[in-house]
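S.K.:
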Amino acid sequence: MSEILRYFATVFEDSFNEPNSKEPTEFVDMTSSSLDIPQDRIAYVPTSNGRGTKRYVKTSVSTSGNVVQPVDVNSIGFWLKATLMKYVFEDNIAAGSNFNRHLFYGGHDSNPLSFVSYVGKQEHEEIHTGCVVESLEIAVSDTIVTATVNIVAANGERYPIRLTEEVNLNDTLPFSMHEVNARINGTDKSRKIQEMTISISNNPSVDAGKTIGSRYTRMIVLGERTVNVSLTYIYEDDEELILFENEESFSLDIDFTSLEEGSMHINLPLCVYESLSTPVSGRDAITQSATIRALETTVDVSDGSATAGSSTTVDTDIIVSLYNKKGEIK
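Mapping of the sequence shown onto this note's numbering: residues 4 to 333, in sequence order.
#1: With a cut-off of 8 Å on the beta carbons, I'd call VAL230 and ALA142 a contact; round off their distance for me.
#2: Which residue wins for smallest C-alpha separation from VAL232, given the options LYS333, TYR276, SER217, MET222?
#3: How about SER65 and VAL135: are their beta carbons less than 8 Å apart?
#4: Considering only their Cβ atoms, is the gap separating THR34 from ILE45 smaller than 8 Å?
#5: How is THR310 classed by DSSP in three states: helix, strand or coil?
#6: Using a Cβ-Cβ cut-off of 8 Å (strictly less than) and excluding sequence neighbours within five positions of PHE19, which residues of its own chain qualify?
#7: Buried or exposed: where does ALA311 fall if 16 or more other Cβ atoms within 10 Å of its Cβ makes it buried?
#8: Quick one: what's got a C-beta closer than 7 Å to GLU248's C-beta in the same chain, skipping five residues either side?
#9: Using alpha carbons as the reference points, say which of VAL122, PRO115, GLN197, TYR47 lies closest to SER36.
#10: Just the C-alpha distance for LYS329 and GLU137, rounded to the nearest angstrom, thanks.
#11: Looking only at its chain, what residues have a beta carbon closer than 7 Å to the beta carbon of ILE147, apart from the 5 residues adjacent to it on each side?
#12: For a minimum of 3 consecutive residues, which ranges assigned as the beta strand (DSSP E) are wholly contained in the stretch 83-142?
#13: Just to confirm, are ALA293 and GLU227 a CB contact at a threshold of 8 Å?
#14: Hey, could you find the ends of the beta strand (DSSP E) PHE15 is sitting in?
#15: Nearest-angstrom Cα distance between GLY68 and ASN153?
#16: Candidates THR151, ASP210, LEU255, TYR162: which alpha carbon is nearest SER204's?
#17: Is GLY80 helix, strand or coil by DSSP?
#18: Could you tell me which of GLU263, SER324, THR235 sits nearest to THR281, measuring between CA atoms?
#19: So, helix, strand or coil for MET267, using DSSP?
#20: What are the boundary residues of the beta strand (DSSP E) that includes PHE247?
#21: Given that a residue counts as buried once 16 or more other Cβ atoms are within 10 Å of its Cβ, and exposed if not, what is GLU160?
#22: Hey, which unbroken runs of the alpha helix (DSSP H) at 4 residues or more fall wholly within the stretch 162-202?
#23: For the putative contact between VAL127 and LEU38, defined by C-beta atoms under 8 Å, what is the C-beta separation to the nearest angstrom?
#24: Under 8 Å, do PHE30 and ASN171 count as touching if we go by C-beta distance?
#25: Using a Cβ-Cβ cutoff of less than 7 Å, which residues in the same chain neighbour LEU246 once the five nearest sequence positions on both sides are dropped?
#26: Near GLU198, which residues of its chain fall below 6 Å by C-beta distance, leaving aside the five closest residues on each side in sequence?
#27: Can you give the beta carbon distance from VAL304 to THR315, rounded, assuming they're within the 8 Å contact cut?
#28: Quick check on DSSP: helix, strand or coil for ASP210?
#29: Do ILE359 and LEU87 have their CB atoms nearer than 8 Å?
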């Protein structure tokens with residue numbers, strides 16, 4: 004019986020879907036992955052004779068799937084860079100600080116940062132090239148904070164599984180639910196948030212890069228970026244209903260803190276409620292279901308606060324500051 008060995012690793016590509024000499028140095032102990040080799044590989048040739056299918060041809064291929072993993076202060080940085088693309092590294096440890104700062108924010112380039120995915124499946128390893136983040140979802144619910152990364156890729160092929168000693172699994176402890184706090188307009192709302200999911204979608208198009216002369220898409224083009232937050236509130240006051248009914252904008256800050264490993268701060272400087280419902284069922288406790296949409300505004304990326312007229316300002320809908328002891332994400 005073979006050893007149970009399953010893993011996920013990534014490396015940024017130098018050129019989209021081109022041979023890459025880089026090898027992953029860190030592997031993630033994933034929860035699950037649906038990323039698989041391309042499935043729709045053939046098309047059947049139409050015919051006017053008989054009743055049976057007679058011939059087939061090979062077709063253009065691509066693939067898609069996800070990886071689900073716990074969110075820790077070290078491994079989440081790759082996904083934030085691959086999703087948001089704008090990245091600044093500050094070597095604060097060299098200056099005497101306990102942690103380096105990794106700054107991520109949403110850019111406007113339609114060309115994504117592509118990467119290679121390595122998926123260990125016990126009996127074989129799959130290498131997926133030309134990978135692009137379709138969406139990143141960070142879910143805070145129940146106990147451990149998890150990330151679901153939906154991926155589209157140009158191709159995927161099967162290779163022999165690695166040796167156990169070649170798989171250096173990341174052992175950083177993930178964030179727990181009690182290590183997360185959220186503020187709206189600077190006021191702590193943690194006491195009434197039961198569940199929360201932050202979703203960043205890139206809306207990529209694989210078909211945009213399909214051309215003659217190649218079985219694989221030559222590029223993947225990004226569409227509109229959307230940043231949404233879904234929440235479940237304990238209904239104890241009308242503070243959120245007032246914001247919703249008056250169509251008022253607000254800021255949302257979410258902090259993930261691990262005292263020993265570091266922290267992550269997500270800043271959505273300008274938001275609006277898309278929906279906020281308050282259903283009632285018998286004598287059950289009343290909860291509110293809310294959806295928040297982040298809007299683009301001018302933000303000072305030096306400290307993550309919304310401002311104007313600064314030399315460090317950018318136009319974005321999301322800023323993430325990640326503090327850990329790792330070096331630059333390359």
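We put the beta carbon where it would ideally sit given N, CA and C, even for glycine.
M.R.: Working from what's here:
#1: Not quite, the Cβ-Cβ distance comes to about 15 Å (not below 8 Å), so this is no contact.
#2: TYR276
#3: no
#4: no
#5: At THR310 the pLDDT is 47, less than 50, meaning the model places this residue with poor confidence; the figure from the coordinates comes in the next sentence. Coil, per DSSP.
#6: SER117, GLY133, ALA157, ARG221, MET222, ILE223
#7: Note that ALA311 has pLDDT 44, beneath the 50 cutoff, so the model's placement of it is unreliable and no number is given.
#8: none
#9: VAL122
#10: 26 Å
#11: PRO73, PRO177, SER179
#12: 88-93, 103-109, 118-124
#13: no
#14: 9-15
#15: 6 Å
#16: THR151
#17: helix
#18: THR235
#19: strand
#20: Careful: PHE247 lies outside any beta strand (DSSP E), inside the alpha helix (DSSP H) at 242-248.
#21: exposed
#22: none
#23: The displayed chain sequence assigns His, not Val, to residue 127. In fact, because the Cβ distance is near 13 Å, the residues do not count as touching under 8 Å.
#24: yes
#25: PHE253, TYR276
#26: SER144, THR235
#27: 5 Å
#28: helix
#29: Given a span of 4 to 333 for the chain in the structure shown, any question on residue 359 remains unanswerable.
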